[in-house]
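> Numbering (the working numbering), first residue to last: 179 to 289. A virtual CB, placed ideally from N, CA and C, is assigned to each residue, including glycine. For clarity, every value in this text was computed on a predicted model and none was experimentally measured.
The following block contains the structure:
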């Protein structure tokens, strides 16, 4: 019986990466553009004048959540690209939770 090794895992990741780029070429091709768009959007966030107010505090947190989601989004792609779908799904759930939280606080500023 063959015991699993790091070399086996790396070979599997390489094979899955190749097939992923063949099967979902369009998504892979445009992913960097989408990520660059998120980064550009982040740098267009207006400067927060007063973080001491409740709304300023919310904007500060939302800015941080949005910034961190850029890296999470890239991590999702890297995991999918290598065949780690369950792990990518967990991070996708985190992204959805962050965006829902941002939207909730935006709609319910008084809370």
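1. Measure the C-alpha to C-alpha separation of residue 192 and residue 184 and round it to an integer number of angstroms.
2. Going by other Cβ atoms of all chains shown within 10 Å of its Cβ, with 16 needed for buried, is residue 237 buried or exposed?
3. By Cβ distance below 8 Å, which residues in the same chain neighbour residue 279 in space, the five residues on each side in sequence not counted?
4. CA-CA distance, residue 206 and residue 199?
5. Within its chain, find whatever has a CB closer than 6 Å to the CB of residue 273; leave out the 5 residues flanking it on each side and keep chain order.
6. Run through DSSP, which three-state label would residue 198 get?
7. With a threshold of 16 other CB atoms inside 10 Å of the CB of residue 188, please say whether the residue is buried or exposed.
8. With distance defined between alpha-carbon atoms, name the residue in 241, 194 and 201 nearest to residue 277.
9. Please say whether residue 195 and residue 275 have beta carbons closer to each other than 8 Å?
10. What are the boundary residues of the alpha helix (DSSP H) that residue 260 is part of?
In brief:
1. One C-alpha to the other measures close to 12 Å.
2. If you draw a 10 Å sphere on the C-beta of residue 237, you find 16 or more other C-beta atoms in it, and that means buried.
3. Non-local beta-carbon contacts of residue 279 in its own chain, meaning distances under 8 Å to residues more than five positions away in sequence, involve 243 in chain order.
4. Per the coordinates, the alpha-carbon of residue 206 lies some 6 Å from the alpha-carbon of residue 199.
5. Within the same chain, 247 and 250 come within 6 Å of residue 273 by CB-CB distance, once the 5 residues on both sides are set aside.
6. Residue state, collapsed to three classes: helix.
7. Label assigned to residue 188: exposed.
8. Comparing Cα positions, the closest option is 241.
9. No, these two residues do not count as a Cβ contact at 8 Å.
10. According to the DSSP assignment, residue 260 belongs to the alpha helix (DSSP H) that extends over 232–260.
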